[in-house]
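**Q** All residue numbers for the sequence shown refer to the working numbering, where the first residue is 920 and numbers rise by one. Structure provided below as structure tokens; questions to follow.
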Amino acid sequence: MCQDPARIVGPGRLSAALATIVLIFLAASPLRGQDRTAPALTLAEALKAAADRSQASIAAGLDLASAQEGTNRARATYWPSVSVSGGWFARDHEVVAIFDTPQGVLAAETTQKNFFVGDISATQLIWDGGRRSAALKASRSGQAAVESRGRAEVVAAQLDALSTYLRILVLKAQRRVVEQRVTSLEGHLREARDLYEQGVVARNDLLATEVRLRNVKDQLGQIDNGEAVSAAALSRLMGGDPSRAVLLPDSLPASPSLPEAVADLRRRLVERNPVLRALRARQESERRSSDFHRREDYPSLFARASHEYQQNQYLQYPQANVFFLGLNWSLFDGGARHAVRRQADLAVQKTEHEIDDVRRGLEIEVDRTGRDYEQALREGATARSNTAAAEENLRIVEDQYRAGLARSTDVLDAEGILAESRFSVANQHYTAYLRQGALLGAAGVDLVPFYGGAAAPKE
């Protein structure tokens, strides 16, 4: 059990000890290192930072850049390839050709012992059965799939940032409730002490109130720890240094109204949902890949133009310009191409079933999240009504206690009920924000402009 500070340091040194503790806390706490003159980070700004600088955003940008290079590689097949080769030959003797003639055997040198050869050529693919265009289309579809997948991952990062942002505000609200509890319990402790000195109440009233007060004060440290950890997590989610604190508003107004009815959001999620869009883009890429593999049975027609040189004193024309028109056709490969085509078709079918399953799951999720959002609004209104009733109940019990008609435990119970109601108000207020964000994110609504114009922080 936590002891009374006055009993630890003594009444004469309590003020100095408290001052030292305050100075240490101000120096150590990252939240106390904030620039309070700087504007508070709005919810829209936090979501925008998560979309621009989070790890998910950076990874999505790099993946898209890599996919773009894949498209550039597929496009490069439309250009001719140019190559240069050369080398030096050193033989142990010349190349000598032997001819049988009526006059006898005739030997003639055709190549000298040491010589240089060089070649520069350009090869152009003329026709390949459409594989080139199919590969380019597949690459472009794959690029679109990567882009859509990156957007879905960014939305997930935004929802993480939204959850962390709201967690900090919940902790701020809890701090205010705890501070109200401390003030209320300190006031009740003074009344109990006065009544005890008058002989009206027993010492148990003092002890019970002191225990409750110490337990409530301990909650402030827990809230400080939670707020510091959540602030560091939010900085990381926004792509910043976790050791650098962020300044948030004390609270947010009521969550803005939905841009559409839940039923309309549910109907339109097929076109808007980032996960479904990424799956459809992936399926299109797989279809293009399947079409590419179907064209592998066709031959390839190509042309090559080259300039060749061979250092040879026995040649009349050591340099030559050559044009070659060629055909390449793989007639049989043991069924490998058929297996690849079958794999591509199966991938398309698998993605199609995955899209249907994800769509059905998202429809259920949107319906559930919409119900949770509406329930949070209803419970928030109930919590506010309960808070008003709990405040009146505490006032009545305190009056009864002063008149000797109620016990101290009745006052403490009434104070606890009031605190629970206030906690519930804050929790349901920000739960509505969280459910709304999840609902809009699943429906493909851009969260930054939505919360930027409708959820300004309270001053």
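C-beta atoms are modelled at their ideal positions from N, C-alpha and C, and glycine is treated no differently. It should be emphasised that the depicted structure is a prediction, and the values quoted were computed from it without experimental measurement.
#1: Identify every run of the alpha helix (DSSP H) within the region 1163-1220, keeping only runs that are complete inside it and at least 4 residues long; order them along the chain.
#2: If contact is defined by three or more beta carbon pairs under 8 Å, each pair taking one atom from either stretch, is the region 1113-1122 in contact with the region 1331-1347?
#3: Mind reading off the beta-carbon distance from histidine 1212 to alanine 1263? Whole number of angstroms is fine, and I expect it under 8 Å.
#4: When you compare only the Cα positions, how much space is there between asparagine 1346 and aspartate 1113?
#5: If you reduce the DSSP assignment to three classes, tell me which class glutamine 1093 lands in.
#6: Could you check how far apart the C-beta atoms of leucine 1090 and glutamate 1146 are, in whole angstroms? I think they sit under 8 Å.
#7: Can you tell me which of Ser1162, Trp1248, Leu1246 and Asp1216 puts its alpha carbon nearest to the alpha carbon of arginine 1256?
#8: To the nearest angstrom, how far is it from the Cα of glutamate 888 to the Cα of aspartate 1332?
#9: Which partner residues does tyrosine 1228 have in the DSSP bridge list?
#10: Quick check: what's the CA-CA separation for histidine 1348 versus glycine 1289?
#11: Tell me the residue span of the beta strand (DSSP E) that contains threonine 961.
#12: Is the region 977-997 touching the region 1180-1197 in the sense that three or more CB pairs, one from each, lie closer than 8 Å?
#13: Which residues in the same chain as glycine 1158 place their Cβ atom closer than 8 Å to its Cβ, once the five residues preceding and following it in sequence are excluded?
#14: In whole angstroms, what separates the C-alpha of valine 1285 from that of arginine 1185?
#15: Touch check for the region 1301-1321 and the region 1071-1083: three-plus C-beta pairs under 8 Å?
#16: Leaving out five residues on either side along the sequence, give the residues of the same chain with a beta carbon under 8 Å from the beta carbon of glutamine 1235.
#17: When the Cα atoms are used, what is the spatial distance from glutamate 1205 to phenylalanine 1251?
#18: Would you grab the beta carbon distance between alanine 1164 and glycine 1069 for me? Rounded to a whole angstrom, and I think it's under 8 Å.
#19: Where arginine 1341 and leucine 1088 are concerned, what is the direct C-alpha to C-alpha distance, given to the nearest angstrom?
#20: Distance check for arginine 1095 and valine 1130, CA to CA, integer angstroms please.
#21: Please state if the CB of alanine 965 and the CB of leucine 1153 are separated by a distance shorter than 9 Å.
#22: In the region 979-1042, which residue ranges form an unbroken beta strand (DSSP E) of at least 3 residues, counting only runs that do not cross its ends?
#23: When you compare the region 1289-1309 with the region 1099-1106, are there three or more beta-carbon pairs, one atom per stretch, that lie closer than 8 Å?
#24: Determine which residues share a DSSP beta bridge with alanine 1222 and list them.
#25: Based on Cα-Cα distance, which residue from Val1024, Val1135 and Leu1195 lies nearest to serine 1067?
#26: Helix, strand or coil: how does DSSP classify aspartate 1137 here?
#27: Please report the straight-line C-alpha distance between tyrosine 1370 and serine 1052, rounded to a whole angstrom.
#28: Given a threshold of 16 other Cβ atoms within 10 Å of its Cβ, counted over all protein chains shown, does glycine 1061 qualify as buried or as exposed?
#29: In chain order, what residues of the same chain have a beta carbon less than 6 Å from the beta carbon of glycine 1360, not counting five sequence neighbours either side?
#30: How many angstroms separate the CA atom of phenylalanine 1034 from the CA atom of phenylalanine 1243?
#31: Roughly how many angstroms separate the alpha carbons of serine 1170 and tyrosine 1352, rounded to a whole number?
#32: What are the boundary residues of the alpha helix (DSSP H) that includes phenylalanine 1251?
#33: Tell me whether the beta-carbon of proline 1168 lies closer than 9 Å to the beta-carbon of threonine 1328.
#34: Residues in its own chain within less than 7 Å of leucine 950 by CB, not counting five upstream and five downstream?
#35: Where do the N-terminal and C-terminal ends of the alpha helix (DSSP H) with arginine 1341 fall, by residue?
#36: DSSP on serine 1052, reduced to helix/strand/coil?
**A** On the basis of the data shown:
#1: 1181-1191 and 1193-1213
#2: no
#3: 5 Å
#4: 36 Å
#5: helix
#6: 5 Å
#7: Asp1216
#8: Absent from the model: residue 888. The displayed extent of the chain is 920 to 1378, so no value can be given.
#9: Gly1037 and Gln1238
#10: 15 Å
#11: Note, threonine 961: premise wrong, no beta strand (DSSP E); not H, not E.
#12: no
#13: Ala968, Ala969, Asp971, Arg972, Ser973, Gln974, Ser976 and Ile977
#14: 6 Å
#15: no
#16: none
#17: 25 Å
#18: Not quite, the Cβ-Cβ distance comes to about 29 Å (not below 8 Å), so this is no contact.
#19: 14 Å
#20: 20 Å
#21: yes
#22: 1000-1009, 1014-1020 and 1023-1030
#23: no
#24: Gln1043 and Leu1244
#25: Leu1195
#26: helix
#27: 44 Å
#28: buried
#29: Val1074 and Leu1078
#30: 25 Å
#31: 12 Å
#32: Looking at the DSSP string, phenylalanine 1251 is not in any alpha helix (DSSP H), and its letter there is neither H nor E.
#33: no
#34: Any reading at leucine 950 needs caution, since the residue's pLDDT is 43, under 50, leaving its predicted position unreliable; the model's value is listed next. Once the five neighbours on either side are set aside, the close Cβ partners of leucine 950 are Glu1146, Ala1147, Ala1150 and Ala1164.
#35: 1327-1361
#36: helix
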